[in-house]
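Remarks on the structure that follows.
Residue numbers (mature numbering (1 follows the signal peptide of the UniProt record, and there is no 0)): -24 to -1, 1 to 103.
Here's what the structure looks like:
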């Protein structure tokens, strides 16, 4: 009878430990998920990324066609591609590991939990 209770306790503790480990490992966000939300720059420009691939990115505005990018995709290598429905606005941005790189080159972007640097401008997550 004592062996049975001990076995139950060991199984219970093992199960709880495994559950906690699996939860901790699955909690890391994918880069695409990290983009989702609204971002505001120090100049009050607002950029948004939706789960369904829609976005607003005023820095991509093409005055000749009166449009800005309204869709985005994130490639496997981390490259962010912005495009418009009509095909006249957008851009491609390589992901970099440091803020300095993104601030020095407008074709690169940096993404952290609450900071996005793109087109050499700093945006802070609002929601």
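The beta carbon of each residue, even a glycine, is placed where N, CA and C say it ideally should be.
Computed from a predicted model, the values in this text were never measured in an experiment.
For the beta strand (DSSP E) that residue i lies in, which residues bound it at each end?
i: residue 46; result: 43 to 50
Note down the Cα distance separating residue i from residue j, rounded to an integer number of angstroms.
i: residue 60; j: residue 76; result: 28 Å
i: residue 32; j: residue 94; result: 13 Å
i: residue 41; j: residue 64; result: 7 Å
i: residue 68; j: residue 89; result: 21 Å
Tell me the residue span of the alpha helix (DSSP H) that contains residue i.
i: residue 77; result: 75 to 80
Taking a contact to mean a Cβ-Cβ separation below 8 Å, would you say residue i touches residue j in this structure?
i: residue 66; j: residue 45; result: yes
i: residue 14; j: residue 98; result: no
i: residue 105; j: residue 71; result: Summary: the structure shown does not reach residue 105, with the chain confined to residues -24 through 103, and so no result is reported for it.
Leaving aside the five residues before and after residue i along the sequence, list all residues of the same chain whose C-beta is less than 6 Å from its C-beta, in chain order.
i: residue 35; result: 95
Can you give me the Cβ contacts of residue i inside the same chain, cut-off strictly under 7 Å, excluding the 5 residues immediately before and after it?
i: residue 30; result: 46, 47
i: residue 49; result: 29, 57
Can you give me the Cβ contacts of residue i inside the same chain, cut-off strictly under 8 Å, excluding the 5 residues immediately before and after it?
i: residue 19; result: 97
Just checking residue i against the ligand FMN - is the residue's beta carbon closer than 7 Å to any of the ligand's heavy atoms?
i: residue 89; result: Only the bare structure without any ligand can be found here, which leaves the ligand FMN out of the picture.
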